[in-house]
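Residue numbers (the UniProt record's numbering): 1 to 221.
Glycine included, every Cβ here is placed at the ideal spot set by N, Cα and C.
On a predicted model such as this, the values are computed, not experimentally measured, just so you know.
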C-alpha cells in the first residue's frame with residue numbers, strides 16, 4: 001500500500017471523500033495538532049476520518065446512520081467528553097467511544113468506561129494500541145448496527161400482522177395448542193390454522209422456535 005493521502009483536518013469533509021457506508025473515525029479534540037496527528041494515523045491504515053474541534057461541533061453534524069467510532073478527548077472546553085457521552089447515550093444508536101486522556105484524568109475515564117465507553121488511551125499513546133482499539137470499536141459498531149437492522153426487520157414484519165393474527169401469535173408462543181386457541185378466541189380450528197400459517201409466513205419464521213426467538217428479541221430490544 002502506498003503512502004496515505006493527508007487531508008487537512010476539518011470539521012466537515014466533502015461527501016465524495018466520505019463514503020456513507022464505510023466506517024468513519026470521528027475525532028473530537030480541541031487541540032488542532034492532536035486532531036491532525038490522529039487523522040494522519042488513521043489515514044495511514046486506510047481509514048476514513050472526520051474531525052471536530054469541539055463536542056458541540058460534532059453533535060451539530062452527528063448522523064446516527066453513519067457507521068464508525070468516536071475518538072474524543074475526555075477534557076475539552078465547553079462540553080466535555082463525558083458530557084458528550086451522556087448526550088450520545090440518549091440516542092437509540094451511536095458510535096462506540098474511545099477516550100484520549102491525560103494521566104490525571106484516569107479516574108474520570110474509568111467512570112466513562114462504566115458508562116459505556118469501550119476504552120480509554122492515556123497520553124502519550126502508543127499508535128498501535130490506539131489502532132487496535134479503533135478496529136475493535138469498528139467491529140462492535142458493525143455488530144450493533146447489524147442487530148439493530150435485524151430487530152427493525154422483525155418489528156416491520158410484526159407490524160404487518162392483523163390484530164387477530166397477533167392474538168393467535170401471542171397464544172402460540174405461550175404454548176397453547178390450536179384446539180385451545182380455537183376455544184379461547186371462539187373461532188374454528190381451521191381458522192386458527194389459517195391465522196397461524198399467515199403468521200409464520202409474514203414473520204418469515206422457519207419454525208416455531210425461530211418465531212419464539214424473534215419475539216424474544218423484540219421484547220428485549
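Margin query: Going by the DSSP bridge assignment, what does residue 122 pair with across the sheet?
Written below: As a first step, residue 122 is located in the chain shown; it is residue number 122 there, counting from the start. In DSSP, residue 122 forms a bridge with 101.
Next item on the list: Please specify which runs of the alpha helix (DSSP H), each continuous and at least 4 residues long, are wholly inside the UniProt domain "HTH luxR-type" (154-219), giving them in chain order.
Entry: Counting whole runs of 4 or more residues, the UniProt domain "HTH luxR-type" (154-219) contains the alpha helix (DSSP H) stretches 163-173, 178-185, 189-202.
Next item on the list: Counting only the same chain and skipping the five closest in sequence on each side, list residues whose C-beta sits under 6 Å from that of residue 93.
Entry: Taking the chain shown and counting its residues from 1, one reaches residue 93 at position 93. Contacts found: 64, 148.
Next item on the list: Excluding the 5 residues preceding and the 5 following residue 15 in the sequence, name in chain order all residues of the same chain whose CB lies nearer than 8 Å to its CB.
Entry: Numbered from its first residue, the chain shown carries residue 15 at position 15. Summary for residue 15: the model assigns pLDDT 40, below 50, so the residue's position carries little reliability; its value from the coordinates is reported in the next sentence. Around residue 15: no qualifying Cβ.
Check: Do three or more CB pairs link the region 79-98 to the region 106-122 at distances below 8 Å?
Finding: In short, these stretches touch, since the Cβ pair count reaches three.
Notebook entry, point to check: Across which residues does DSSP place residue 71 in a beta bridge pair?
Noted result: Counted from its first residue, the chain shown places residue 71 at position 71. In DSSP, residue 71 forms a bridge with 27, 98.
Next item on the list: Please determine if the region 68-77 and the region 123-139 are in contact, where contact requires at least 3 C-beta pairs separated by less than 8 Å.
Entry: Remark: three or more beta-carbon pairs, one from each stretch, lie closer than 8 Å, so the region 68-77 and the region 123-139 are flagged as touching.
Margin query: Are there any heavy atoms of the ligand PLP lying less than 8 Å away from the beta-carbon of residue 161, as far as the coordinates show?
Written below: For the structure depicted, the ligand PLP is absent and the ligand set is empty, with no information on it obtainable.
Margin query: Using a Cβ-Cβ cutoff of less than 8 Å, which residues in the same chain neighbour residue 89 once the five nearest sequence positions on both sides are dropped?
Written below: On the chain shown, residue 89 is found 89 positions in, with the first residue counted as 1. Correct list, in chain order: 115, 116.
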